[in-house]
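Undergrad: Let me begin by handing over the structure; questions about it come next.
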Amino acid sequence: MNKNLPALTALMLAFALIITLFGNFLNQSVLSFADCERSVYLTFDDGPSDRVTPKILDVLKDEKVKATFFIVGEHAKTRKELLKREFEEGHTVAIHSYSHKYSNIYANSDSLLSDIAKCNDIICAATGQYSSLYRFPGGSFSLPSELVSAVTSAGYRYVDWNASFRDSELKNATADELAEAAVKTVSNKDNVVLLAHDATDKSATAEALRKVIKYFKGAGYSFKRF
Ligand SMILES: [Zn+2]
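Using our numbering, you'd call the opening residue of the sequence shown number 1214 and step up by one each time.
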């Protein structure tokens, strides 16, 4: 092994930390720069949901894997016990949206920031902690730069994804089809942020999860949470 590797790793980590501290977004390129091993971040958007969240949590517990949940406040306000369970079982509970209605939240920076704050109040009420981590509904990919910079200027980090179960596009897909889609979009990347959805109609996602976790374990990835 190269004897300079630990020093190089420390330098890379310090660099990544500085980038984050100075308000830039936490994105896949920063992550891949900091990591020397193959990593996968499992992320679940839009929950919690009565039917699917417990199934996802059961599989994660059984497989001893931690994940990140980007939650919707409107779904969580009457299901705080599910957020509490996510938090207590060692997962990250982060902000996705309060209403998830694009026309409202993306109307202007003020609407966006107030939607984020409202979602964060629900997270704090359930877990005792505010989150500083955010995922834009639909991703940041094609949003106006002023909306993205309003979020980072307010002190939030955000994260998109680079692989997906494709469980919002593939209607009525079986668990096997979703697992196959997930592995295909991973396409052997070293640092993977995998998108999945946690919603009442996504039972197949929860059923596909174990197979996808087995794939990553077999391929030598380590599981991380934000
Ligand atoms: Zn969403």
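Here a beta-carbon is modelled for each residue, glycine too, at the ideal position from N, C-alpha and C.
1) Whether or not the region 1273–1291 and the region 1312–1321 are in contact is what I'm after, with contact meaning three or more pairs of Cβ atoms, one per stretch, closer than 8 Å; do they touch?
2) Below 8 Å on the Cβ atoms is my guess for S1262 versus I1308; work out the distance and round it to an integer in Å.
3) When you compare only the Cα positions, how much space is there between A1280 and L1295?
4) Alpha carbon to alpha carbon, how far is K1424 from A1392?
5) Looking only at C-alpha atoms, which of D1389, Y1428 and D1414 sits nearest to V1448?
6) What do you reckon, are the CB atoms on A1376 and L1407 nearer than 8 Å?
7) Taking DSSP as the reference, what is the three-state secondary structure of R1298?
8) Could you check the C-alpha separation between V1253 and G1431 for me, to the nearest Å?
9) Please state whether the Cβ-Cβ distance between F1282 and D1414 is less than 8 Å.
10) Since F1257 contacts L1346 with CB under 8 Å, what's their CB separation in whole angstroms?
11) To the nearest angstrom, how far is the alpha carbon of D1373 from that of E1276?
12) Which residues does DSSP pair with F1282 in a beta bridge?
13) Could you check where the alpha helix (DSSP H) with F1429 kicks off and where it finishes?
14) By Cβ distance below 7 Å, which residues in the same chain neighbour V1306 in space, the five residues on each side in sequence not counted?
TA: Checking against the coordinates, here is how it stands:
1) Touching, yes, given that three or more Cβ pairs across the two stretches are closer than 8 Å.
2) Going by Cβ atoms, the distance from S1262 to I1308 rounds to 17 Å, so no, they are not a contact pair.
3) Between the alpha carbons of A1280 and L1295 lies a distance of about 14 Å.
4) Cα-Cα distance, rounded: 7 Å.
5) No answer is possible for residue 1448: it lies beyond the span of the chain, which begins at 1214 and ends at 1439.
6) yes
7) Three-state DSSP puts R1298 in a helix.
8) 13 Å
9) Not in contact: F1282 and D1414 (Cβ atoms no closer than 8 Å).
10) That pair is no contact at about 13 Å.
11) C-alpha separation (whole angstroms): 25 Å.
12) F1257 and V1306
13) For F1429, the enclosing alpha helix (DSSP H) begins and ends at S1416 to G1431.
14) F1282, I1284, L1296, E1299, F1300, I1336, T1340 and S1344
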